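One structure is given below, encoded as structure tokens.
Number of protein chains: 2
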Amino acid sequence: MVARTRFDADPCPVARSVNAIGDWWSLLIVRDAFDGSRRFGEFQRSLGIAKNILAARLRALEEAGVLRGAPAPEGGSHREYLLTDKGRALFPVIVALRQWGEGQCFGPGEDHSRLLDRRTSRPLRPVEVRAADGRLVGPEDTVVEKVHGTEAGGAR
Amino acid sequence: MVARTRFDADPCPVARSVNAIGDWWSLLIVRDAFDGSRRFGEFQRSLGIAKNILAARLRALEEAGVLRGAPAPEGGSHREYLLTDKGRALFPVIVALRQWGEGQCFGPGEDHSRLLDRRTSRPLRPVEVRAADGRLVGPEDTVVEKVHGTEAGGAR
DNA sequence: CCGTATCCATTCCGATACTG
DNA sequence: CAGTATCGGAATGGATACGG
Chain A
1 MVARTRFDAD PCPVARSVNA IGDWWSLLIV RDAFDGSRRF GEFQRSLGIA KNILAARLRA
61 LEEAGVLRGA PAPEGGSHRE YLLTDKGRAL FPVIVALRQW GEGQCFGPGE DHSRLLDRRT
121 SRPLRPVEVR AADGRLVGPE DTVVEKVHGT EAGGAR
Chain B
1001 MVARTRFDAD PCPVARSVNA IGDWWSLLIV RDAFDGSRRF GEFQRSLGIA KNILAARLRA
1061 LEEAGVLRGA PAPEGGSHRE YLLTDKGRAL FPVIVALRQW GEGQCFGPGE DHSRLLDRRT
1121 SRPLRPVEVR AADGRLVGPE DTVVEKVHGT EAGGAR
């Protein structure tokens, strides 16, 4: 491929994020990592993904700096995949996505897993978007400041 | 394909969300919709996407209930694609992803578009994850409550 | 200008087999 | 258990041409 990926140089941070994460599998790998998965087999069983593509995704996430594969914790001959700081910074993204799914993608009687506050065992508060002064803002209260550069491609 | 998509019945809301959105293109379409794009050509120019696949994504997003394509606003023979309430509920997801990209996916001197508070023209406050009582929580302060059902597939 | 239909190249993914 | 190598089928995405 000519460019590593499609949005490598896109001025929009959303596009860059998407580009860095790679694909949906990768996002679910990150989800599992947040949930405590560390080993190849754990990811594989949880996701039901083929081993070759799991290996490829893990490698890509390492290259993107989201995961770090430590050669061996001790004794064992396996690797451990841990979230980097960059990866851990995805926490609000995963939570927002989870909350959207909970609210919008399940029927009334349908069961689903939930993310709870460990201390109180209660669900989390919905993620909110706030202005610098603390005001709650919606989509219509925001505006995209386009970048001034003259390079090609949309600046959304 | 046997099932419409892969995570149609997954008990994890993250997987369902991912499944509903479809792919990265779809997410960028949603981003553009938040930013004011409504018409086929606007999305196409902004994304640089082939027309056939844009049409397919728009249709999928309609089926997922994220976008609603109104036949014609008036006079014109074109359709308008507007976010539904379900689609608008993705706002925190997009913002979280955008903020992650801003912080993690750009070099020091690199320009990028920014999302500003319309009223003050200042950047938004970083999205935070909070417990029901208002405490700020990180990944390690949360726990996934698995669903009890006996069906196959991971419950992450 | 808004889409649909067709074609082709590429990629992706899953299954399987194999190695340490 | 933790990966790597390979293979075939399926789906994707881009370009182009075409129709309302």
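Keeping their order, the protein sequence lines are chains A and B. Residue numbers for the first sequence, in this note's numbering: 1 to 156. Residue numbers for the second sequence, in this note's numbering: 1001 to 1156. Note that CB positions come from ideal geometry on N, CA and C, so glycine has one too. Please read all numbers here as calculations on a predicted model, not as lab measurements.
Report the residue from the options whose alpha carbon sits nearest the alpha carbon of residue i.
{"i": "A:Ala-60", "options": "A:Val-144, A:Leu-136, A:Val-18", "result": "A:Val-18"}
{"i": "B:Val-1144", "options": "A:Leu-116, A:Thr-142, A:Ala-9", "result": "A:Leu-116"}
{"i": "A:Arg-119", "options": "B:Ala-1132, B:Leu-1082, B:Asp-1010, B:Arg-1098", "result": "B:Ala-1132"}
{"i": "A:Ala-89", "options": "B:Leu-1082, B:Phe-1091, B:Leu-1090, B:Gly-1103", "result": "B:Gly-1103"}
{"i": "B:Trp-1100", "options": "B:Val-1127, B:Ser-1121, B:Tyr-1081", "result": "B:Val-1127"}
{"i": "B:Ser-1077", "options": "B:Arg-1039, B:Thr-1084, B:Arg-1045, B:Val-1066", "result": "B:Arg-1039"}
{"i": "B:Gly-1138", "options": "A:Asp-85, A:Leu-28, A:Asp-141", "result": "A:Asp-85"}
{"i": "B:Arg-1122", "options": "A:Ser-121, A:Arg-114, A:Gly-134", "result": "A:Gly-134"}
Tell me, which residues are paired with residue i by DSSP?
{"i": "B:Val-1137", "result": "DSSP output for B:Val-1137 lists no bridge partner at all."}
{"i": "B:Val-1143", "result": "A:Leu-116"}
Is residue j closer than 8 Å to residue i when the C-beta atoms are compared?
{"i": "B:Ala-1070", "j": "B:Arg-1079", "result": "yes"}
{"i": "A:Leu-124", "j": "A:Val-93", "result": "no"}
{"i": "B:His-1112", "j": "A:Pro-108", "result": "no"}
{"i": "A:Trp-24", "j": "A:Ile-53", "result": "no"}
{"i": "B:Ala-1050", "j": "B:Gly-1022", "result": "no"}
{"i": "A:Arg-68", "j": "A:Leu-47", "result": "no"}
{"i": "B:Phe-1043", "j": "B:Asp-1035", "result": "no"}
{"i": "B:Ala-1020", "j": "A:Cys-105", "result": "yes"}
{"i": "B:Pro-1011", "j": "B:Val-1147", "result": "yes"}
{"i": "B:Leu-1028", "j": "A:Ala-15", "result": "yes"}
{"i": "B:Val-1066", "j": "B:Gly-1041", "result": "no"}
Closer than 8 Å, CB to CB, is residue i near chain B or not?
{"i": "A:Gln-44", "result": "no"}
{"i": "A:Leu-61", "result": "no"}
{"i": "A:Ala-70", "result": "no"}
{"i": "A:Ser-26", "result": "no"}
{"i": "A:Leu-54", "result": "no"}
{"i": "A:Ala-131", "result": "yes"}
{"i": "A:Leu-116", "result": "yes"}
{"i": "A:Leu-124", "result": "yes"}
{"i": "A:Gly-107", "result": "no"}
Using 8 Å as the limit for Cβ to Cβ distance, is residue i near chain A?
{"i": "B:Ala-1096", "result": "yes"}
{"i": "B:Ser-1113", "result": "yes"}
{"i": "B:Phe-1091", "result": "yes"}
{"i": "B:Phe-1040", "result": "no"}
{"i": "B:Leu-1067", "result": "no"}
{"i": "B:Pro-1203", "result": "Chain B is shown only over 1001 to 1156; residue 1203 of chain B falls outside these bounds and no answer can be derived."}
{"i": "B:Leu-1058", "result": "no"}
{"i": "B:Arg-1020", "result": "In the sequence under discussion, the amino acid at residue 1020 of chain B is Ala, which differs from the Arg named in the question. With 8 Å as the cut-off, B:Ala-1020 counts as an interface residue toward chain A."}
{"i": "B:Pro-1139", "result": "yes"}
{"i": "B:Ala-1050", "result": "no"}
{"i": "B:Ser-1077", "result": "no"}
Practice task
Just list the beta strand (DSSP E) runs in the segment 1010–1084 of chain B, keeping only unbroken ones of 3 residues or longer that don't cross its boundaries, in chain order.
Solution key: If we require 3 residues or more, the beta strand (DSSP E) runs fully inside the segment 1010–1084 of chain B come out as 1067–1070, 1080–1083.
Exercise for the section: At 3 residues or longer, and completely inside the segment 1086–1132 of chain B: list those beta strand (DSSP E) runs for me, N to C. Expected result: Within the segment 1086–1132 of chain B, the complete beta strand (DSSP E) runs of at least 3 residues are 1114–1117.
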